[in-house]
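Engineer: Pasting in a structure now, in structure tokens, and then I'll have a few things to ask.
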Amino acid sequence: MNLINKQSINKHELPRLAIFGAGGLGVEMLALLTKRPCANLVGLLDKSGFVFDNKGLELDNSIESLIRHKQVSAIDNSIQSDNSIAEFLNLYAGQLDAIFFALPNLPNEFIPNITKQIINQSSFSGVIIDALKRTTAVKMLEGLNKELKERNILYLTGCGATPGMLTAAASLAAQSFVEIESVKITFGVGIGNWQAYRATIREDIAHLKGFDVEKVSKMTEEEIDAELDAREGILELVNMEHADDIMLEMAGICDASRVTVGGIVDTRNPKKPISTNVQITGITYQGKRSTHSFTLGDETTMAANVNGTVLGYLNAGIYLRNEYCASGLKTAAELMPKFAPVKMKVLTQV
Ligand code: NAD
């Protein structure tokens with residue numbers, strides 16, 4: 000038995016979590032929660048509808064329905080809706096401790112706009128976590144810091160793999176140096192088919208020469224298929240507009256211009272084409288230049304590295320609320336994720 004299960008935590012002591020988005024990452028998060036129970040999943044939504052149970056959803060049944068039907072509206076007791084985010088918030092925002100955005104961020108303002116909706120039109124007060132990738136989107140969220148504080152919401156952004164785990168690793172590695180010369184992130188992702196992670200792959204295509212977020216948002220599935228066919232399923236990404244740069248700058252580690260991100264995505268093979276790693280080069284106080292490296296194991300999938308980190312930051316967020324009533328916008332470069340689940344200090348009656 001692993002240490003987490005050994006703690007035998009009652010799920011009603013854990014934060015009540017809603018996941019917005021039930022595609023690739025959303026469904027994998029349900030599977031992860033069965034093995035790493037850091038939250039009581041009470042709500043789930045996608046484009047087709049939403050489901051809520053204040054005692055906690057049956058994870059195995061929900062996963063089974065989603066694998067079979069691909070839609071939240073197929074889960075028992077769900078409600079069909081073509082405006083699921085607004086309807087869900089209207090009904091249940093006050094009964095949540097945390098929200099994970101497993102949504103596409105196309106266009107760049109999609110998730111920042113939902114955040115404004117939560118701030119201005121809902122009673123939610125708790126922790127929001129995302130795995131946002133674009134620098135522009137994180138800058139938009141930074142502009143909401145004051146309102147987040149006023150509404151007593153703690154928003155942790157860029158908490159996936161990159162940005163996320165690798166940015167936090169760069170932040171840790173920086174401690175050996177007095178100046179950071181470069182942070183170079185290189186990732187390898189292998190997935191069996193692109194439809195398993197539609198938003199992720201669209202957002203990656205938006206970084207290729209001749210594409211942008213606007214153009215990719217409007218492409219049909221057939222056009223995406225054709226683009227991938229022309230590249231034999233391989234996306235080679237260089238000098239990406241990735242929020243690791245602004246996150247490391249906001250954390251005071253180095254200028255954003257010293258951070259580069261690139262990678263290779265194989266959309267037809269679950270094996271990683273290259274190992275994901277971050278190299279941090281700096282100068283020590285004795286004047287020596289050196290490079291620290293952090294490489295992820297090739298057997299770990301994108302879902303394990305993204306969702307595992309999201310849960311770690313969810314635990315960190317609940318801890319910061321419990322101990323310090325923290326609010327406002329923070330990034331994965333400013334905080335460390337916590338592995339073990341954190342119980343809610345003030346328990347809610349069910
Ligand atoms: P996906 O396309 O597989 O799933 C998206 C889900 O959002 C679907 O369930 C869809 O129904 C739902 N959705 C879309 N529009 C909606 C709306 N208007 N209302 C309600 N629900 C809506 O997405 P994915 O590939 O799992 O990616 C999710 C996010 O994770 C993306 O933004 C991606 O960039 C991010 N991501 C981050 C990292 C990282 O390391 N930081 C890695 C991979 C993915």
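Quick note, in numbering that gives the first Met the number 0, the sequence shown goes up one by one and the last residue is 349. Glycine included, every Cβ here is placed at the ideal spot set by N, Cα and C.
1) Per DSSP, which one or two residues make a beta bridge with L365?
2) Is A101 closer than 8 Å to I18 when the C-beta atoms are compared?
3) Any chance the CB of G307 is under 7 Å from a heavy atom of the ligand NAD?
4) Determine the extent of the alpha helix (DSSP H) in which E226 is found, giving its start and end residues.
5) To which residues does DSSP link R133 through a beta bridge?
6) Going by beta carbon distance, what residues of the same chain come within less than 7 Å of G232, once the five residues before and after it are set aside?
7) Evaluate the contact criterion for the stretch 285-297 versus the stretch 171-181: three or more CB pairs, one atom per stretch, below 8 Å.
8) With contact counted as at least three CB pairs below 8 Å, one residue from each stretch, are the stretch 189-208 and the stretch 157-176 in contact?
9) For the 8 Å Cβ check, are there 3 or more pairs between the stretch 276-290 and the stretch 303-316?
10) Go to H351, then tell me how far its beta strand (DSSP E) extends in each direction, as first and last residue.
11) Could you tell me the distance, in whole angstroms, from the CA atom of T135 to the CA atom of D243?
12) For the stretch 28-35 against the stretch 203-219, are there 3 or more C-beta pairs whose distance is under 8 Å?
13) Might you give, ordered along the chain, the residues of its own chain that have their beta carbon closer than 8 Å to the beta carbon of A85, omitting 5 neighbours on each side?
14) May I ask you to report which of helix, strand or coil DSSP gives V349?
Structural biologist: So, from the data block:
1) This structure cannot settle anything about residue 365, because the visible part of the chain is limited to 0 through 349.
2) yes
3) no
4) E220 to A229
5) H241
6) D265, T266 and R267
7) yes
8) no
9) no
10) It is not possible to answer for residue 351, since the shown part of the chain is limited to 0 through 349.
11) 11 Å
12) no
13) Q116 and Q120
14) At V349, the pLDDT of 49 sits below 50, so the modelled position is not reliable and the matter cannot be decided from this model.
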